[in-house]
Every structure is written in C-alpha cells, then in structure tokens.
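Protein chains: 8
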Amino acid sequence: MNNSRMNEVLNLVADGKMSAEEASSELTLITPAPDLDFATLDHSRSERIGFPEVVYGLSKTPKDTAEIAARIYDHSGVVLVTKSSEEAFELFNKQVPEAVWEEGPRAIWADRRDNPDLIPGVAVVAAGTSDLPVAREAVLTATLMGCEVNLITDVGVAGLHRLSSRADELGEARVVIVVAGMEGALPSVVGGLVKAPVIALPTSVGYGVSLGGVAALLAMMNSCAPGVSVVNIDNGFGAGYQAASIVGATWR
Amino acid sequence: MNNSRMNEVLNLVADGKMSAEEASSELTLITPAPDLDFATLDHSRSERIGFPEVVYGLSKTPKDTAEIAARIYDHSGVVLVTKSSEEAFELFNKQVPEAVWEEGPRAIWADRRDNPDLIPGVAVVAAGTSDLPVAREAVLTATLMGCEVNLITDVGVAGLHRLSSRADELGEARVVIVVAGMEGALPSVVGGLVKAPVIALPTSVGYGVSLGGVAALLAMMNSCAPGVSVVNIDNGFGAGYQAASIVGATWR
Amino acid sequence: MNNSRMNEVLNLVADGKMSAEEASSELTLITPAPDLDFATLDHSRSERIGFPEVVYGLSKTPKDTAEIAARIYDHSGVVLVTKSSEEAFELFNKQVPEAVWEEGPRAIWADRRDNPDLIPGVAVVAAGTSDLPVAREAVLTATLMGCEVNLITDVGVAGLHRLSSRADELGEARVVIVVAGMEGALPSVVGGLVKAPVIALPTSVGYGVSLGGVAALLAMMNSCAPGVSVVNIDNGFGAGYQAASIVGATWR
Amino acid sequence: MNNSRMNEVLNLVADGKMSAEEASSELTLITPAPDLDFATLDHSRSERIGFPEVVYGLSKTPKDTAEIAARIYDHSGVVLVTKSSEEAFELFNKQVPEAVWEEGPRAIWADRRDNPDLIPGVAVVAAGTSDLPVAREAVLTATLMGCEVNLITDVGVAGLHRLSSRADELGEARVVIVVAGMEGALPSVVGGLVKAPVIALPTSVGYGVSLGGVAALLAMMNSCAPGVSVVNIDNGFGAGYQAASIVGATWR
Amino acid sequence: MNNSRMNEVLNLVADGKMSAEEASSELTLITPAPDLDFATLDHSRSERIGFPEVVYGLSKTPKDTAEIAARIYDHSGVVLVTKSSEEAFELFNKQVPEAVWEEGPRAIWADRRDNPDLIPGVAVVAAGTSDLPVAREAVLTATLMGCEVNLITDVGVAGLHRLSSRADELGEARVVIVVAGMEGALPSVVGGLVKAPVIALPTSVGYGVSLGGVAALLAMMNSCAPGVSVVNIDNGFGAGYQAASIVGATWR
Amino acid sequence: MNNSRMNEVLNLVADGKMSAEEASSELTLITPAPDLDFATLDHSRSERIGFPEVVYGLSKTPKDTAEIAARIYDHSGVVLVTKSSEEAFELFNKQVPEAVWEEGPRAIWADRRDNPDLIPGVAVVAAGTSDLPVAREAVLTATLMGCEVNLITDVGVAGLHRLSSRADELGEARVVIVVAGMEGALPSVVGGLVKAPVIALPTSVGYGVSLGGVAALLAMMNSCAPGVSVVNIDNGFGAGYQAASIVGATWR
Amino acid sequence: MNNSRMNEVLNLVADGKMSAEEASSELTLITPAPDLDFATLDHSRSERIGFPEVVYGLSKTPKDTAEIAARIYDHSGVVLVTKSSEEAFELFNKQVPEAVWEEGPRAIWADRRDNPDLIPGVAVVAAGTSDLPVAREAVLTATLMGCEVNLITDVGVAGLHRLSSRADELGEARVVIVVAGMEGALPSVVGGLVKAPVIALPTSVGYGVSLGGVAALLAMMNSCAPGVSVVNIDNGFGAGYQAASIVGATWR
Amino acid sequence: MNNSRMNEVLNLVADGKMSAEEASSELTLITPAPDLDFATLDHSRSERIGFPEVVYGLSKTPKDTAEIAARIYDHSGVVLVTKSSEEAFELFNKQVPEAVWEEGPRAIWADRRDNPDLIPGVAVVAAGTSDLPVAREAVLTATLMGCEVNLITDVGVAGLHRLSSRADELGEARVVIVVAGMEGALPSVVGGLVKAPVIALPTSVGYGVSLGGVAALLAMMNSCAPGVSVVNIDNGFGAGYQAASIVGATWR
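Protein chains in written order, with full-length UniProt numbering: chain H, 1 to 252; chain Z, 1 to 252; chain P, 1 to 252; chain X, 1 to 252; chain W, 1 to 252; chain F, 1 to 252; chain R, 1 to 252; chain V, 1 to 252.
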C-alpha cells in the first residue's frame, strides 16, 4: 500500500478538499501499510488474535531464542518457547530467574501475571507414556492461555477398559485433545464416546512404516468418527492453542 | 463381554446372593455387550454424541443408500447422505417427497423437525468458486445440526483485499471453516486475522502436484498461524460437524 | 537344472556304474527340473501347499478366465476366481451351470465335491457395510477351503459397544480376520480383546488421504496390539486363505 | 477491517476533530475493506498485477465457465480460459462469435483489442511432439499478454544435434520456457547453453514411474544448471505468464 | 461410562426396585469403567490376551524402562523389553541379576518361571546374516511364550539350493516366519513350498530405494503366494508373538 | 551453434586466410548445428545408435501416429509403434496393408526388409500369464532388431520347480529379460541361477499396494542378486532394445 | 564427435580438396569435441552463460573445496562456495586472506574485482527469521552477480499488515524472490500484489509433515497467483542466480 | 525337498527295483536339497554365476566383515567388500597385508590371482566430481572381474561440449555406465550418442527434492533414449557387475 497516498488523502480531507465518502472509496482500494516497530507488532497481535507471539525454538540459535523470549516476556509478562534447547533455557534463565524448563516437551516458559480464574473444559487424553512429552506441550499451552486442563494418560486402544473407566471425565470436557502415535486409532474411539469436538494430535512415536508419525496422522484424518480434526505431528502447541480458543480462552 | 455372566450377576444381586458392591467390582472388569437392534443403535448414538448416523454414500449401492436413509429419516425426522448419487436420491425421493438433492456436494437431505432457533457463530470461508461444492457440504451439515452459517466466498489469497473487506464478519464468528484447494494458503491468512478457532478444509481442486488435494492439506497442517486444525480432503461434513459441536450445537 | 544329466546319472545307477551315494551327492548339486504339463502342475501344487491354483481375474480377458477356470474345475472339482467380471462368469456358466457369481466381491466359484465336516474357528469382523464385499471374499475363500466362518459386521470403532456385545463369539475364534477401511483402527481394538491371532485386512473404502486404503494399511502395520499381521488392501482371498491354513484347513 | 470505523475516522478528519496524522496512525492499524462488486474487482486486479483474471476451466461447469468468460471479455476486451471443455466453448461461442477453441491445450480465447507492437524475447522449447499441447498453452498465454513467441519443437535430449542447430535462436531469447515430460532433462541442457533465465515446464507425458509428470518435475527442481525455476506439471499458463512478465509485458 | 449410574442400578436391583432384566438392558447401553490399579491391569491383560505387557524400549528413558520392567517381572516372573538400550539393561540388571542382554535385537529379558514343555511348530527363516538381529527378536519372543523355535539362516533367494536343502524342516512347521530385507522375495518362495501360514517380516537392511525396508514390505504385501501376511519393518516381536499364538502358545 | 560463423570459418580456410589448426580450435568451442530435415534426422539416428525412431503411441492422436509411422516405414522399411490404439492401426493399415496389430502389447509393426540371420542369445522369462502383454512387447522389439528370442512363461516364484525345469535354456542365454508384476521377486531368483546379465522388467499387474507396479520395481531395484538392472514399469520396448544391444544386434 | 575427422576435413578444405559447403554439411552431422583444459572450460562457461562455475560444497572434502575455489578465484577474481563447511573456509582463507565466511548460509566468497554500478530491481522477501539463512544465500548470489538487493524480512502470512506496509518497495522490484518454509503461502500473497515475476524459494524450516520443505514446495507449485515459479528447497543460490539473470545481470 | 526320499529312490534304482525313467519322473517332482558347507557353497556360486560372494559391509560389524572376507579370500584368492568401514579394513588388513582400502567408495579389496589379460569395452562416465566415489565402486568391481575400464569424469549435461569431446571413446565402448546425481539427465544424453547398452547409476548427490537420489533414479527410469536400464542409488557394485557380465567377463 502506498502510505504517502494515504497521507495525501487524509490531508485532502483535513483541508476540506475531499469528502469523507470519496476518501473512504479510495482508501478501500489500496492495501494498508502499518509501519510498526517490534513492540507495536506484538500489541497488534494480542489484539487481533489474543495471544502474544510464541517462539518456535527449532531453527533458532540459543542466543536468538533467549533474546526474543526476553523481549516478549518483558512486554507481555508471559512467554512460551516450544521445541527449544536446554542451552537456550540457560541463557534465558540468567535474565529471567523465574523461568521454567520442561524436559519432556523441551519447552521454556515464564509467567509473572496475576493468576486469573482458570477456564475449565479442556481434556487431554494420551494413548501411551511415550506420547506424554507431546501431550504436555498441549497442556502447558492451554494452561498458560488460562485453561484448567485434565490430563488422562495411558489409555491406548489395545486395552479399552482403561479408557472407559475415565468416561465420566471425558463427558464433562468441552473439547478433547487426543494424543497418539503408532496407528493413531484413539481419536476415533474417543470421537465415538463424546459430544465435544476432538482435536487429534499425532505423535512421532513408532518405527518402520509409522513413518515418523505420518501413519498416525493419516489414520486420524480418515477417522470414521465425526467431529475430529487434526494438527501436525508432535504439534502439542497447536492443539493446546486451538482447544483454548474453543473454550473461549485468550492469552489475557 | 460375557452377556450371560452379566445376567447371572444381576440375578445374583436380585436374589440377594451378591452385594451391589461386589457386582459393581465384577462388572467393571468385563466389557459391555449391548445386543441392540438397528433402531436402538441410533438412539444410543444420538445420546452419546448428539447426531444420528450420517450416511456415507460413496461406496454404497443406490438401493442400499435409499433404504438406510429412509430408516434413519423415519426414526429421527432428519437425515443427511453425503457424496451420494442422483440415482440414490431418486429412489429415496419416491419414499420421501420432501427430500432435497444438492447438486454441488452431491448430498441428499430431508428434515421434518420443527425449526428451532438457530445457533449463530459458524462462518465458512471459501477461496474460489471451485471450492464451493465442498464448502456447501460443510454449510449443509452445520445447518442441519442447528447452526446459522455465514458463507463468504471467492476470497482467495491472491487478492487479499477481498478477504479484508469481510473482516468484520469474520471477527464475529466463534469458529471459522476455511475451504481451499491448490496451495491451501487461506487458513493461515484467516488464522492470523481472527481469535476464533479455524478448521482448515482442503479440497481436491487443482492438478499436477496438487496431488488431489494433498498439497493443500500439507500446507494447512504446517500453518504458521496457531489455532488451525485440519480435516480430510473434501470432508465438508467433518468440518461442518466439528464447527457445530464447537458452538454447542447437537442434532437435537 | 540339467534334465539330461539327471537321466544320465539315473541310468548310471541303474547300470550299476555309479553308487546311490555318489548319485545322491551329484543330484543335490543341481536344481530340479519337472517338465510338467498343466494338469500335473495343479497336482503338484495341491500336494505342496494344499490348494489348487486360484484364478486372479483382474488382468485376464473373460475368455481366458473362463477357460482356465474350467480346466481347474474339471480337474479339482472346485474352483475360485477372484476380482473377476460378470462377463467372465457368463462364459464360465455356460460350461458349468452350477457356477455361482458373488456380486459383492465379484467372485466366481463352483464346488462339486462331497461336503466334508467344516472346521470351526474362523471369525471375520467387518467395520462397516462398505467393507462387506472384501469381507465376503475372505469368507468365501475360507469356506471353500473347508472352514465354518462366523461373519460379524458393522462393529466400527466409533461405536465400540457394538463390538463388545460380540465378545463371546470373538473369544471362541482360533483366528480373527478384521476388515476395515478409512482409519483402520479396528484390528488394534480386536487385538486387545482376544488371544487368537488377528489378520488385519485393509479395504480401499474412503477418500482423500485414505489414499485408496494405504492409510488403513499403515495403521494396521503400526498396531499397538500384538499378534496382528496384515495383508494387501482388499485382499480378502489372502486373509481367508491364511486364516484357513491357521486352523489347519486345506483345500481337500 | 472495520469499515464503519474507517468512515468514522474520515468523518472526524472532515469535521476537523482529528488530525490527518492521527487518522493515518489509526488507519494503518486496521486491515482495509474494499467491498467491491465483480467488475471493480477485475479493474483492481489489472491495476495491481497487469492481467485480468484468467478462467481456470478444470473444475467449473460449462455454463459457469461461459458466463464468467463472457463477463470478463465484456469488460476487458480479452479473455483466456485454460483446461476447458469443448462444450464450454460452444456456449461461449454463441455469445462471442470471434472466440477461438485451441484443441491441443483445450483453451478458449477471444481478443478484440487493437494489436499493439509485440514484445520480443520469449522462446518456448518443447522436447517432443507429445509436449506440444502444454507448450501451446504457454505460447498462447504469452502472446495474449503481448509477446512475440518463438516456438522450437522436437529437440529432445536423446538427439542433441537437433537442439544445437537452434542455438542462435536460443541465444537471442530474454527468457526461455523449456517443456518436457518423461525424464525432464532438457531444461538442464538448455540452461547450460543460454544466459537468459530458464522456466522449466514439466508435462505429464510418460507412464509407469513418470508418475504423471512428477519425475520430470523433480528432475527439473534438481537441475545442475543455474537459472532454472519450475512451474507445476502441465502449467503452460503459469510459465507463459511468468515469461511475459519477465520481458516486461502486461496484459495492457 | 457412568460408574455412579452403574452403582445406582445395582443398588436398585439389590433393593428389589429394578428387575435383573431391566438392569441388564440399561447396563448394556453404557460403557464399562474398571478403575484398576497398575497390577490389576496386568492381570487383566494376561487373562484377556495371554501375555503380560511387553515393554517397547525405543521412546523411553533408561530409568523408566528399568522401573517398568522390574514391576512387570516382579508380578509376572517374566519380562521382555524390545528395542532397548544397554544403559537400560544395566539399571535393570542391578535389580534383577538373572536378566539377559541380547546384543543383536537389543532386547532385555528375564524369566524365573518353571520351564514348561515347549510347544513345537514355529520356524524362523532368515534371508541373510544382516537380518539375524530381527530374526532373533522373533525367536526370543516366541521362546519366552513357550515355543520351541527352529531358526534357519542364510537362505536368500539368490541361492535357492540353500533353501531347498532345508525343505524337510520347513515342511514340519505349523507356522513359518520369513525374515528378509532388500527385495523381500523370500516369503513368496517359502509360501510356495509349505502348507503352513507364512508371516513375512521385512527388515530395514538395504540402502537407496530399499527406503528403510519399505521396498521389502511392499513386495511381501504383494506376494503371489497365498497364505502370507506381513508385520511392520523390523517388528520381530510382532511376528514372534503371532506365530506363538498360532500354535496355541500363551505366556503361561 | 552459430551456423553462419561455421560457414565463415570454413570459407576463411578455403580462402587460405585461416589455418586448419586455427579453425579446429575455434570450431571446437562452438556447439554444432545440423539443420536437418525430418528424413535426414532418421538417417543420423540410425547411424548414431543403430535404430530408427520408434513411435511412442500413448500421447499421440491416431492420425499423427499413422502419419509418422508411414514416413518412418517409407524411409526405413521397418517401423514399430508401442502402446498404440487399434484406431491408429486401422489408419496405418490402409496405407501399409502388410502392417500387423499385436493385441497384447497394443503394438503396430511392419517390416519389408530381407530377413537376415537372427542373432541368438536373448531369453525372456515371464512370471505369470498376466505379464505376457509386456513380455511380448520385449520379444517383438528384440525380434525386429534381429534377435532370435526364447520366451519362457508362467514360471513365478511361488512354484519354483517350473523355473528350474527351464534352467538349461536359461543357461544358454547371453542376456535374460525377467518380467514380473506383484512382488517382483523373479529377477532375484533368475539372477542367482545364470551368469548372463539380467534385465528386470516390472509390470503394473497387481492391486492395492502394488501401486501400479512400483512395488515390483522397488523390489527389483533392491535385488540381492548381482547383475540385475531395471527398466520402467511395462517398458517392454526398453528391455527388448537393451537386450538386443547387449547381444550386438542393431536395427540393420 | 570425431576430432580427428574434423581435423581431416579442415585439412582437406585448406588443401582445396573439399569445398567449404561440403565441409559444412559434414561438420554439422558430427558432435563437437572441445578438448579443453580446466581454465579454458571456465572461460567457455562465462561466455556461454555469464557466470563462472559456482562450487557446490555439500559433497566435497574441505581440501577439494578449497583447491577448486582457489583455482576459480585465481582465474575469475571472484568465487562463491555454497553449502560449505567452516573447515573448508579455513583452508581457503589461508590462501585468500580477503575471503569471507557467511555463517547463516554457510557460504564462502571472495571478490577482488572493481565494483561496477549495481543493477537495481531484485527484492528478497523472507517469511520468518528462520528463513533468513536461505534468503541470505539468494542475496549473496545476486549481489556477487552485480545486483542491488532489497531484503525484506519477517513478513509472514499470519500477520499480513507487516507485508502490506512494505508494498511500495515490492512495487518497485523487477523480480521478487519469496522465501518461506512451513506452509509456503507467502509467494501466493506476494504474487497477488506485484506485477513483477515471483521466484518462490521453499525452505526446510518446519517439522512433522513439513517433510523437510516438501509441503512448502508443493504449496508454491500450486500457487493460485500467476507468475510464480519455484526452485529447490533451500536453493538460495538458484533463486538469486535466476533473479539476477532476469534483471540482466551477469557475473561480469 | 525330501533328501531321505531321494536316497531311497536312488537305492531302489541301484537295487534294480525302480527303473531310471520312473526315478526321473519322481525326482523331478521334488525340490533338491544340497546340504552344503560354507566352502562348497562358494564353489557352487562361482560355477553358477561366475563370481564369488561379495561382502555387503553396511549392516555387518567390523569383526564379522573381516572374518567373512578372510574366508572368501582364503578360498578364492580375491575378495571385495563394499560400503564398509575403515575399522573393518584394519582388522582384515592384519590378516591380509596386501589388502587395499579405497577411501572414496569405502571399499576393501585384495587379489592374489595372476593377472589375466583384461577384457576391454567397459566405459564409466561420471557427471560431476561428487559422483566419483560411486563411479569408483563400479570401476573397482568391473576391474576385479577382469575388465579394462575407461573412466570419463566431469562431463555433466550443463556443459555438453565436455561430453562431446569424449565421443570417440564412448563410441568404442561395448557398454557404458553413466553415473549422475541431482537431475540424472546424463544417461539420456549418452543414450542418444552411443549404440552400446547404457547402465544408468543414480547417486545420492543433491539436497531438497533430490530425495537422496530418488529424483535421479526416476529421471533415468523415464529416459527418452532407448537402451537404458537402471540400478539402485549408489549401487556402483551392481552397475560394475552387470557391465562386466555384458562384455563376457566373469570373476575367473
């Protein structure tokens, strides 16, 4: 968008040389151009979609990760870094002593906000203990967004009585995240038991033609139970975020 | 599960030969065994997950489709057949004159229930006119489940001003289904604009390495916008169902 | 293998010019060479692996199919043609009036043998009605091989109570074939319920990233339940054949 | 974007209650909202990227195709429909007698504009006669955009002398589109001969592990010659469009 | 399932306020809910499918592996950990001095049960020496389940006389596991020689387009010999387990 | 290459204004430029690689196919069209009454040359009758190139005695083409029996995860027998051509 | 090509025994044969396609890389090594003290040429900071080829206002390289905003079904915006080279 | 095969109780059973296919590799280990001081046989220096089998004059191995230049969608030049072996 033209138009309106209607017509034809500094950008994001930028740690140097995290924390009072490294945590921890390192999901977080009342309704169901690190990324994300999360573990499809014994809890959830690797069958089973929407979260647990989680993802995509949607393999953050937004939680 | 053992246990309790506590302990150890007829099964489903069985028409003969649809309609007062054939519709239509054929999504439906108040909050956004048949399957599903759906079309990423002019409407949605084929970029853009959860619905529109919609599905799975989950290619029913369940709608 | 050399050796032995031991040593070094005519070949097969050649109909002309089937039937008193065409059946039916056409699996068969006692122990479990044609190919194969087959249908994972009500029957099986398309989750659930070996039989039922049954096949390959092995997509014949061989059935 | 807020702001400026600077700051923070009718949209596109909307015919009904094409032609004086059907052409032809049907690429076009001077510099090189339909889609696109196109055919890598005899012509091109199926080797060879950028255009010509053109596309993506970029399989339109934009041509 | 409702129902029956028949009808409609502790769960599994939980070592920490293994061993008198690490073995070995580490398949096991009579009939055939670690995982599994296993090695298809010299042994088997990497052809050859069911076990031996064992798995899936089913790449445990269940072995 | 510059150089040499050495230096720096007409091109090909251009029929119209075939036949006295249509044959047959249509491989050929002595040494081995059409394309190609071909059929790996009975014939071949679909195991077995090079020719026979012949192709690529190379799926022409070139045959 | 025959022909012409026309006819029939030494080869390349050979570092030893780089630098005064190692740089740096190591793209370069006027018109747009190393390889390549490059970063599709604020700069570009990983949506958005050709450059940033950049590449291939072509994943060099050649830049 | 039955038959013949004809008939019906020791097995292989067993080093421990190599060398006087490790070489070297380690292809070899006259006719052409290690595995294999090999390097398709200058040498070859990674185009170009059969040898050189050599392999499979067959990625041994067998070389 042509910022100078926008300014020109606004000056014409200010000078009475162009009507508000004419200006409106013209401005809608051009693309907007907010030339924002870094901090402004974060504000805008919070306002638009209710969540400060989360730091994706996988392809960043520890130094960059720590620096970006510190700026966000400084501004928002809360920060989450996913798929990070312990080295990045140590750098960040020097600046933010209250920071926490979660070994399972390899996540860094810190939160100095007042604790609001938590919003209930998010359940996270994990098929096996190997799926726990991914499940915990989902739990952490939804919790930081203000949700009370019920984590139910070790309820794989090869022993369904373990799942059915938790049916009451599942029935109370307003959204259920189902975490599974290998054949990825659990979301179909849960989807057949509950009225709430199910977010299927495939993990890379498995070997051979599990293809790093692709087999689980495909199975979930083809679920014969309605009301199941799927996020990327090991994307606990994405599942947790969507679950939180379904129950109406936002970062602030 | 051993039905005869369950009956035995219940008789023992009735006869006072076994306490309720002992019976409870034993019954929880065995898998349940409802030997239901067809109609009972539907009731159970409605109670469990809030939606009578939807008929998946793709691999059924027209005659089977029409018969199954008639039985469900007879029982529930509402029926939806997805990915069906006109021939199946004609057979069904002879029995149910009020039945409707939707050419785009190739769906059959009928609904003789009283119209309840519709639940607002579902928006469906389609990238191009070629994506409309799939979008309409989503709209139809959510509508039959009791939702008021706002359909926004022809707002592809190569002309974003068309999308931004609808931003107000998007902002009001409690869940947004985003339908796109080819590069599947639209859910990322919408996900960056709204607070509501986004259900990405890839379509098979495209050729060459669109791979029948796989390219779009993969793009959606890797969305850099949080709060995006994905359903199978052309699965308008699944997206509509999940959207309805997110806003709290059930079949009845 | 050098047939002439074998004859030479045998003549040397017959003539007393070579000892049986020397002949044995030499003959074991060369590969055997049965120059059999067509009928002999079938005998050999029946003796080796217990089943006359089954005709794979998919890439044969109707005329070739009918002719080959007639020769096998003439010789064995029983014949099975899988994945055939109605046209091939009609040609074959002219020669063999007692021949049967099974519409679902598109199979031709005829059997003029005395009915032996059937061997019990084979159960076939199908997830949905769309999976029935493939399930029936398995049932037909095992039945022709002399098994009594228990077919259990419409017990998909999204409504598990339907499955558990049949648990008694499953518990009596010595081998269970589990037929499913879409997400292919059912074998894992059944594998967790029974002691018998489970043969998972994926079907091409589904669309989008079901990838013509590949998603179901991958899920079954990654089953978290032990004792599950898998055959090719829609290969009801292979599953039925293996199940029959597990309970000790052979063609005759 | 919030249109009503934009109007509010403009009225505040018109009324002197807000300065142009303040208005500029606020307006840059919100997303624009042109609520355009169909015709306006086309104008906007021509202005933004220099080409009216081209109609992608593959997933549209003949009736829709003809109608959309007629509206664009009416407004722009030129229209191109790619991957269409003869039926769509016949419907369009009734309204636009000067319309042309190109059998090879299955394209519809019409152009009533004055002929401007053509811009030289685009060469299209096709490996075999089977690649010609795709090559012609590229030629047609670039020609309608105002380019003079030199088409060189039947110069596959298995007989390179055929290519080298056209080296002079290639040397004069400012951009070369190279069209090939099967092993897709030709762009590498051409890329080693010319200074101009090479657009590689894979075709679906081939069988077996040509995988519908994927083998050619992959080969082109891995070209050892620099200056080669690739478009989708059979995407003659995309290649022609980019070539035209490289030599500076726009639709008008 | 609603446990409290079950208790309510049972109390109603105990109090004579509900008949056993009515209770049976209601209870079959709800899913069971055994709230079992860890040890109980193991018992249940042994009873249901005849094998205590085997520990999958690949995605567990050495500490977790050793702890879980110790609890199972303590309870069952036998334990098997597959795809583990030497570090996990050392931790486990401190608690269980009689534990064994198998370098090839990287398995941990211990067995303090009385030796029952072994069940004969399982043969394991390995194509090459590189396939031995996977073959040994199958042998170990079946042996711990009470089978006498005949291991036949180095009989690849490129030298078939090696295989035919073992034909007598193969003929005696009631089930044959065939282990092969690379082109995975051996199961087809063995399937043509024996009446017993064949479990094909692909290995990741190979390079290039062996694709980590996928080529072998696909070949086995497409075997022209009937009676062949397939398990996941390198899944010696699964093959051994199924073979044992075919000959009727269970853990105890 | 710059033809005019070449002519200039040659004139300078003819005029004694440039030495042969200088000319040689310059000419080697530029790419050659034979501007040949169609007939000349064929001559050049015959001289370079010993075979006139074979017509690939799959993506040509019947009319184009017939015309191109007629021109080649007119010039060379022999022509082969692969993967063609009966319609193309009929058009060609009107011009060339001696033309032959081979239904299996869908090939057109004609040959009016004197019959030379055939070169022995090519064997073609086909696994099943379904593989015969592809095998016959190989036989036809090698025969037209002047080879005497020994076709051995129906010797699949699931009944190896059928193969070993033909071992003498295989031992006499100087090159063996092995044709197989499904699991593609036969080339490995043959490669272990003969000294001659083996050309593996995968076919698209199969279903499910045969993936249109990809499974067979992958298996052949991973053959544990040395001396095996592979051509594209169903590429009987390529295999026959290479076999003929190995025994030293050329078109003339 | 037959060098000796070329010399023979040239001598015949020099000796007046063959006319220039006859010689021309014959020379066009044979393939050229420049037997060049290493340095000559580079010259030839510069003349033909305007760029000295760039060293691809990925599969070379540090020693070989440094040596080859030194020879090119010695001859051309400029050298670029892509995807190299710091070890290779250190070896090269000993010989060429002015050499530079770029950590991000892992590139080595040196340039002792006089600085010419830079050619404007190349813009490089990167979606996220993780894409910067690849973007910088593109910038470096185009810069060394004589272009002035405008790098615009951190303008991903999930926050489009960041992109639109740079619209003026994009509008001035004659070619735009768009760098993105994950869902690869940015090129479609930019392609809808600018008239210039867009080169889409996918990166391997992502996890799960980003498949190492394949998801981004596929999305870009299917862009609904015209004028977009694509290079290999992480191929910053190729994108930079093509962009430079589009604006008319050559190495010298 | 039933060895005891064979002995029985032979004794019957020796005793005159069965005629040679009857014995021949029976023996052809059973599979042979050479129960050979290790050394005998090698002899058999040499006789059958002309090459002692080559050791595939990739999935063997250094100790096993060295031991097996030593036994073969001891027996045959020549040994080749492919894709091995330096550690294995060092162990082998202690026993066989004349052993050689080839760093490029990571091969071990030793040869104490008298040098026979080498068989000419094998050419190996490598596209780039990165392809040399694989090319050298091919050269080494063919050389050890008794061939004189002509290695031509650095003649990639992006600079074809380098290839054409070697055309004389190529024309003299009786078989040409063409080694290339990336786009794998070179075999098509060479196949268009020579009469000899071409063995295409794809390498894993490349990145991104080279997919570890799959792109090159696919391109070679789809070569438009006839007479091209393909071996596995990086399989220099297989290509060298087949080339040697084409020119009639055997190990001895």
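For each residue, glycine too, the CB sits at the ideal point set by N, CA and C.
Could you give the distance in angstroms between the alpha-carbon of residue i and the alpha-carbon of residue j?
| i | j | result |
| --- | --- | --- |
| residue 100 (chain W) | residue 80 (chain W) | 10 angstroms |
| residue 23 (chain X) | residue 15 (chain X) | 12 angstroms |
| residue 144 (chain F) | residue 125 (chain V) | 30 angstroms |
| residue 221 (chain Z) | residue 231 (chain Z) | 10 angstroms |
| residue 249 (chain V) | residue 55 (chain V) | 19 angstroms |
| residue 213 (chain P) | residue 235 (chain P) | 11 angstroms |
| residue 228 (chain F) | residue 183 (chain H) | 36 angstroms |
| residue 224 (chain F) | residue 179 (chain V) | 21 angstroms |
| residue 238 (chain H) | residue 191 (chain Z) | 12 angstroms |
| residue 19 (chain P) | residue 165 (chain W) | 21 angstroms |
Please tell me whether residue i and residue j are closer than 8 angstroms, where the distance is taken between their beta carbons.
| i | j | result |
| --- | --- | --- |
| residue 175 (chain W) | residue 196 (chain W) | yes |
| residue 73 (chain W) | residue 107 (chain W) | no |
| residue 128 (chain W) | residue 156 (chain W) | yes |
| residue 137 (chain R) | residue 240 (chain R) | yes |
| residue 189 (chain R) | residue 193 (chain Z) | no |
| residue 140 (chain W) | residue 105 (chain W) | yes |
| residue 131 (chain W) | residue 205 (chain W) | yes |
| residue 66 (chain W) | residue 88 (chain W) | yes |
Please name the residue in the options whose C-alpha comes closest to that of residue i.
| i | options | result |
| --- | --- | --- |
| residue 185 (chain W) | F:164, F:218, F:118, F:205 | F:218 |
| residue 233 (chain H) | H:215, H:191, H:224 | H:215 |
| residue 201 (chain W) | W:135, W:158, W:95 | W:135 |
| residue 64 (chain P) | P:170, P:75, P:92 | P:92 |
| residue 181 (chain P) | P:245, P:173, P:9, P:203 | P:203 |
> Which runs of the alpha helix (DSSP H) fall wholly inside the region 86 to 122 of chain V and span at least 4 residues, in chain order?
Replying inline: 86 to 95
>> Threshold first: 3 residues or longer. Then list the beta strand (DSSP E) segments lying entirely within the UniProt domain "PurE" (120 to 252) of chain H, N to C.
In response: 147 to 153, 175 to 180, 198 to 202, 228 to 230
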